[in-house]
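Novice:
Protein chains: 2
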Amino acid sequence: MHRLLRRGAPALLAALALAPHLAAQQPLDARYRDAANRLIGAALADSFAYNRLATMVDRFGNRLSGSASLEATIDWAMEQMRADGLQNVHGEAVMVPHWVRGEESAELVLPRAVPLHMIGLGGSVATPPGGITADVIVVGSEQELAARGAEARGKIILFDVPFTTYGETVRWRTAGALAAAKAGAVAALIRSVSSFSMQNPHTGSMRYPDSTVARIPGAAVSVEDAMMLHRMQARGERIRVHLTMGARTLPDAPSRNVVAEIVGSERPDEVVVISGHLDSWDVGTGAMDDGGGSVAAWEAVRLMHRLGLRPRRTVRVVLWTNEENGTRGGQGYRDQHRGQLDRHMLAIESDNGVFRPNGFRFQGSDAALATLRQIARLLEPIGATKMDPGEGEADVGPMIALGVPGLGLDVDGTRYFWYHHSSADTLDKLDPQEMARCVAAMAVMAYVVADMPESLPHQVPAAR
Amino acid sequence: MHRLLRRGAPALLAALALAPHLAAQQPLDARYRDAANRLIGAALADSFAYNRLATMVDRFGNRLSGSASLEATIDWAMEQMRADGLQNVHGEAVMVPHWVRGEESAELVLPRAVPLHMIGLGGSVATPPGGITADVIVVGSEQELAARGAEARGKIILFDVPFTTYGETVRWRTAGALAAAKAGAVAALIRSVSSFSMQNPHTGSMRYPDSTVARIPGAAVSVEDAMMLHRMQARGERIRVHLTMGARTLPDAPSRNVVAEIVGSERPDEVVVISGHLDSWDVGTGAMDDGGGSVAAWEAVRLMHRLGLRPRRTVRVVLWTNEENGTRGGQGYRDQHRGQLDRHMLAIESDNGVFRPNGFRFQGSDAALATLRQIARLLEPIGATKMDPGEGEADVGPMIALGVPGLGLDVDGTRYFWYHHSSADTLDKLDPQEMARCVAAMAVMAYVVADMPESLPHQVPAAR
């Protein structure tokens, strides 16, 4: 009998903790239960993360790329991270698109004069000075637009398409102006990409991918207004709208990804990234998208530090810039760290609001998934054990495309698209205890992957 | 054996229908099942009422007392009622308050410059030209205001009181400006009286009941903004707001209650009133409050007419003016019909949104309640059998106070205070099938009470 076994089970377990080559035989959840419970307990013990997010959004408001408020938030975050005792706090420079909204409005002229609830789409060109006044054609599909044919020329096209999923509905926002311009329209409106509306129109990116097609202004109207215009058209009424937008695209502006670390005790050059994006749209305060994810990722690392949980590998919190209209932060990181990506064990991001977490969506190899499923069992106390293949997050996407395993925090999505990219994205939509669970889930996942003897295998995803 | 009984049950039942003195022995629900099912079936068969409401709100928008849009809606409703074939269609003149909002805005000046989501309260005075700029004190109760004492002088007071019930929370809207003025404040803000917010501030009436106290401007800010200012104060930050309001109270304006009838076949001078209010606040379209209730009451009578269900007594649909800021419609009706109120059998109103109906809230005698409970059994097919004593509706209140039995349609109230008095009160918040059930519930109740041989006893309510 091995001498360890003669000393009985408690001693065996104690010895195992000191013997990684033996410990590796144990499932990860058995080996890391204590550390995980400490992280979970610390996360749930107070509202530090929620209060920090409150301070951030109340002080700086929304944070569009190119804005002074984004750069001030970045400075503040680095200062706070240093005060937290995190290591290697620095900004990593990238150039970001700099679109500014300007004055904008839309008024219904016919059949009844009334202001519409509108918001310009990010990246849109301006209207001519004085605006555009034109008749409106409401369509619900490309087929319907095609069927209206030459009638669209000189008109404003309103795409009134009800929300199904974001992926399915967002294409009207992204590409509606292109389709309308191809049909000869002078401007494009969309029904806000939103699953519930209280007259809060939603912005978001649009694109002009085809340089041979005229660039026409694009804006969203509230769900309510889109439905009203559609009803008016169904009654045979002539609809006329006056649209004014002063949007401008300025030269790219300097910005930064915020980076801070707990340097690994044994393999400091191996890295687990844990992240959210600091930039937001220029309405509301971006508390949900993605102030909450940023502060939760940051808090996960702050708690490890506070608890003295220094893992073997480096845990690196990254607060991305420019997720919303360019993903230049994620692309810049990939380029600046290209030589080290094979030592990036995992890239975690939270960008669906810090609502009640279910677990994670994974991108990577089956072998890595099996390992992460062992770790996910540690999230049983907060009901966040889900670990399934799924869609990834935007900022870690460039890394994942090169083989780094990726995790996106999966949360209760019931109300995400009520608030997303609108004035209603504010702190009060989040709950301190739900946010604390998000912190706990990310902290446990990052810590165990950074500390475990095993490495998560890389696998370059198949091209879509 | 009575000769009728010798002829067997079917013949007996047929004879009973012709013999009110015998029919009265049968419960009302047995006697009126066929008529009720015809009304219910007709109401649920199409979306006529919903489409009529859509036409109304899309064409006229919101309808504040004194506005051209309210008077145009009144003209349109009477024209449509005549086209429906209703009888005695006319307007009954009353003078109504005429408050106009004017230009208004609020901006946070300190600790951070950002526009607030505000809406002036109905009846408020204006700020001086150029607005008021003052520091803000946030309080959550009268006690807290009292505790701040002389500090309130020259300040703007924000009452940040979370919504509990409307009755409990609305007093801040009604009387906040008075309390703030007594403390020496220069303006009063309230957290919107709203159970859920997406940056849609809610208006509503406020009052200056004490002529010895200075009249200071009153406005609501969104729930989100009120919470933000409260957090800023909790952090010890200085809060400063610039408030501009151009509100004016003009001389009272002429308006009308819309009245139309099905004249009773036997007792035309006995009346059942069925009603909603046509006026609304000057934001959104007042589809829920109370366009829906108005059109549902109207539709109930249109369906009786269409089905040839002419009751013994007169059914009178009344679309009230000026519920929102004066109740002059309901008061005027009481005064103009004072001599006939003893022949008003019942006054029904729908003013809680035409959401899924539960039944009715009743005001009156126990004997009348027992009779109405028999009738309510007829609403079993639409699950609207509730008939309990409860709070009454505003416009029928003056009649009820003089002894007329009153019914308020009781509906699913989950979302009423999300939309109420805000830009989000729009057609899409209502559902055609739920609205049809409201029509059915009101139609059955009005028809049976107007037709039954029995009279509902009057009872003057005890003073509160």
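For the record, the sequence lines run as chains D and A. Letter 328 of the first sequence, counting from 1, is numbered 1275 in this note's numbering, and no numbers are missing. Letter 458 of the second sequence, counting from 1, is numbered 1405 in this note's numbering, and no numbers are missing. Where a beta carbon is used, it is the ideal one built from N, C-alpha and C, also for glycine.
Give me the chain A residues within the contact set of D/M1179, using Cβ-Cβ distance strictly less than 7 Å, ordered along the chain.
Specialist: For the purposes of this step, residue 1179 of chain D is identified with residue 232 of the first sequence, where counting begins at 1. Using a Cβ-Cβ cut-off of 7 Å, D/M1179 is close to D1005 of chain A, given in chain order.
Novice: D/H1149 to D/V1117, Cα distance in whole Å?
Specialist: Working through the first sequence from its first residue, we reach residue 1149 of chain D at position 202. Working through the first sequence from its first residue, we reach residue 1117 of chain D at position 170. Computed Cα separation, rounded: 11 Å.
Novice: Using C-beta distances below 8 Å, list every residue in its chain close to A/A1053, excluding the 5 sequence neighbours before and after it, in chain order.
Specialist: Here residue 1053 of chain A is taken as the residue at index 106 of the second sequence, counted from 1. Result list for A/A1053: P1062, L1063, M1065, L1136, A1166, V1168, V1188, H1189, L1190 and T1191, in chain order.
Novice: Does any residue of chain D have a CB that is nearer than 8 Å to the CB of A/D1375?
Specialist: As a working note, residue 1375 of chain A is residue 428 in the second sequence. Judged by the 8 Å Cβ criterion, A/D1375 is in contact with chain D.
Novice: Could you tell me whether any Cβ in chain D is nearer than 8 Å to the Cβ of A/S1370?
Specialist: Taking the first residue of the second sequence as 1, we reach residue 1370 of chain A at position 423. Output row for A/S1370: interface = yes.
Novice: Could you pull out every unbroken beta strand (DSSP E) segment of at least 3 residues lying fully inside the segment 1009 to 1038 of chain A, listed in chain order?
Specialist: none
Novice: State the CB to CB distance for the pair A/R1185 and A/G1151, rounded to an integer number of angstroms; the pair is presumed to be in contact (CB under 8 Å).
Specialist: Indexing the second sequence from 1 puts residue 1185 of chain A at position 238. Indexing the second sequence from 1 puts residue 1151 of chain A at position 204. Rounded to whole angstroms, the Cβ separation of A/R1185 and A/G1151 is 30 Å, and the two are not in contact under 8 Å.
Novice: According to DSSP, simplified to helix, strand and coil, what is D/I1163?
Specialist: To locate residue 1163 of chain D, count along the first sequence from 1; it is residue 216. In the structure shown, D/I1163 sits in coil (DSSP, three-state: anything other than H, G, I, E or B).
Novice: Does A/S994 come within less than 8 Å of chain D when only Cβ atoms are used?
Specialist: In the second sequence, residue 994 of chain A corresponds to position 47, counting from 1. False, the Cβ-Cβ gap to chain D never drops below 8 Å.
Novice: For D/E1412, which residues does DSSP report across the bridge?
Specialist: Examination of residue 1412 of chain D is not possible in this model, given that chain D is present from 948 through 1411 alone.
Novice: Does the contact criterion of 3 or more C-beta pairs under 8 Å hold for the segment 1019 to 1030 of chain D versus the segment 1274 to 1291 of chain D?
Specialist: no
Novice: If the cut is a Cβ gap below 7 Å, which residues of chain D does A/R999 touch?
Specialist: Within the second sequence, residue 999 of chain A is the residue found at index 52, counting from 1. Listed along chain D is no residue with a C-beta nearer than 7 Å to that of A/R999; the closest approach is about 12 Å.
Novice: With H, G and I counted as helix, E and B as strand and the rest as coil, what does DSSP make of A/A1409?
Specialist: Here the question's residue 1409 of chain A lines up with position 462 in the second sequence. A/A1409: coil per DSSP, three-state reduction.
Novice: Assuming the contact rule is C-beta atoms closer than 8 Å, A/G1069 and A/W1228 should be a hit. Round their C-beta distance to whole Å, please.
Specialist: Taking the first residue of the second sequence as 1, we reach residue 1069 of chain A at position 122. Taking the first residue of the second sequence as 1, we reach residue 1228 of chain A at position 281. That belief holds up - the Cβ atoms of A/G1069 and A/W1228 are roughly 7 Å apart, short of 8 Å.
Novice: Is there a Cβ of chain A sitting closer than 8 Å to that of D/M1474, yes or no?
Specialist: The displayed coordinates of chain D run from 948 to 1411. Any statement about residue 1474 of chain D would go beyond what the structure contains.
Novice: Helix, strand or coil for A/H1177 per DSSP?
Specialist: Residue 1177 of chain A sits at position 230 when you count from the first residue of the second sequence. Note: A/H1177 maps to helix in three-state DSSP.
Novice: By the 9 Å beta-carbon criterion, what residues does the segment 1068 to 1087 of chain D contribute toward chain A?
Specialist: With the criterion set as a beta carbon lying under 9 Å from some beta carbon of chain A, the segment 1068 to 1087 of chain D has no members that meet it.
Novice: Since A/N1305 and A/V1265 are thought to touch, with beta carbons under 8 Å apart, how far apart are those beta carbons, to the nearest angstrom?
Specialist: Walking along the second sequence from the start, residue 1305 of chain A turns up at place 358. Walking along the second sequence from the start, residue 1265 of chain A turns up at place 318. Rounded, the Cβ-Cβ distance is 23 Å, inconsistent with contact.
Novice: What does a CB cutoff of less than 8 Å around D/L1033 pick up in its chain, not counting 5 residues either side in sequence?
Specialist: To locate residue 1033 of chain D, count along the first sequence from 1; it is residue 86. Within the same chain, and ignoring the five residues on either side of D/L1033 in sequence, the residues whose Cβ sits closer than 8 Å to its Cβ are A1207, E1208, I1209, V1248, R1249, H1252 and V1264.
Novice: Taking CB distances under 8 Å as the criterion, tell me whether D/M1065 reaches chain A.
Specialist: As a first step, residue 1065 of chain D is located in the first sequence; it is residue number 118 there, counting from the start. Answer no: the Cβ-Cβ gap between D/M1065 and chain A never drops below 8 Å.
Novice: To the nearest angstrom, how far is it from the Cα of A/R1162 to the Cα of A/V1083?
Specialist: Residue mapping note: residue 1162 of chain A aligns to position 215 of the second sequence, counting from 1. Residue mapping note: residue 1083 of chain A aligns to position 136 of the second sequence, counting from 1. Their backbone Cα atoms lie some 18 Å apart in a straight line.
Novice: Quick one: which chain A residues come within Cβ less than 7 Å of D/E1171?
Specialist: Taking the first sequence and counting its residues from 1, the one referred to as residue 1171 of chain D is at position 224. Chain A residues near D/E1171: T1373 and D1375.
Novice: In this structure, does DSSP put D/R1006 in helix, strand or coil?
Specialist: If you number the first sequence from 1, residue 1006 of chain D lands on position 59. Helix.
Novice: Please state the DSSP three-state secondary structure of D/I1186.
Specialist: Against the first sequence, residue 1186 of chain D aligns to sequence position 239. If DSSP states are grouped into helix, strand and coil, D/I1186 belongs with coil.
Novice: Identify the continuous beta strand (DSSP E) that holds A/Q1310 and give its terminal residues.
Specialist: On the second sequence, position 363 is the one that residue 1310 of chain A refers to. Per DSSP, A/Q1310 belongs to the beta strand (DSSP E) from P1304 to Q1310.
Novice: Going by DSSP, what residue range makes up the alpha helix (DSSP H) through A/I1322?
Specialist: Indexing the second sequence from 1 puts residue 1322 of chain A at position 375. For A/I1322, the enclosing alpha helix (DSSP H) starts and ends at D1313 to A1323.
Novice: Looking only at its own chain, which residues have a Cβ that is under 6 Å from the Cβ of D/D1031, when we skip the five neighbours before and after it?
Specialist: Here residue 1031 of chain D refers to the residue found at position 84 when the first sequence is read from its first residue. Here the set comprises R1249.
Novice: Taking C-alpha atoms, which residue in D/R1182, D/G1344 and D/T1361 lies nearest to D/G1353?
Specialist: Position 406 of the first sequence, counting from 1, holds the residue named residue 1353 of chain D. Taking each of D/R1182, D/G1344 and D/T1361 in turn and checking the Cα distance to D/G1353, the smallest one comes out for D/G1344.
Novice: Suppose you measure from the CA of D/E1050 to the CA of A/L1011; what does that come to, to the nearest Å?
Specialist: Translated into the one-based positions of the first sequence, residue 1050 of chain D becomes position 103. Translated into the one-based positions of the second sequence, residue 1011 of chain A becomes position 64. Straight-line Cα distance between these residues: approximately 29 Å.
Novice: Near A/H903, what residues of its chain come up, given a Cβ to Cβ distance below 6 Å and the 5 sequence neighbours on each side ignored?
Specialist: Outside the displayed span of chain A (948 to 1411) sits residue 903 of chain A, for which this structure offers no information.
Novice: How about A/Q1413: is its C-beta nearer than 8 Å to some C-beta of chain D?
Specialist: Here chain A covers residues 948 to 1411 and nothing more, so residue 1413 of chain A does not appear.
Novice: Is the Cβ of A/W1046 closer than 8 Å to any Cβ of chain D?
Specialist: As a first step, residue 1046 of chain A is located in the second sequence; it is residue number 99 there, counting from the start. No, its Cβ sits nowhere closer than 8 Å to a Cβ of chain D.
Novice: Please state if the CB of A/N1035 and the CB of A/S1370 are separated by a distance shorter than 8 Å.
Specialist: Stepping through the second sequence from its first residue, residue 1370 of chain A is reached at position 423. Stepping through the second sequence from its first residue, residue 1035 of chain A is reached at position 88. For A/S1370 and A/N1035, no; Cβs fall outside 8 Å.
Novice: Between A/G1008 and chain D, is there a C-beta pair that is closer than 8 Å?
Specialist: As a first step, residue 1008 of chain A must be located in the second sequence, where it is residue number 61. Answer yes: the Cβ-Cβ gap between A/G1008 and chain D drops below 8 Å somewhere.
Novice: Measuring from the CB of D/T1261, is there a heavy atom of the ligand MN at a distance below 7 Å?
Specialist: For the structure depicted, the ligand MN is absent and the ligand set is empty, with no information on it obtainable.
Novice: Could you work out which residues of chain D lie near A/Q1146, taking near to mean beta carbons separated by less than 7 Å?
Specialist: The sequence position of residue 1146 of chain A within the second sequence is 199, counting from 1. Going along chain D in sequence order, the residues near A/Q1146 (Cβ under 7 Å) are N1147, S1370 and A1371.
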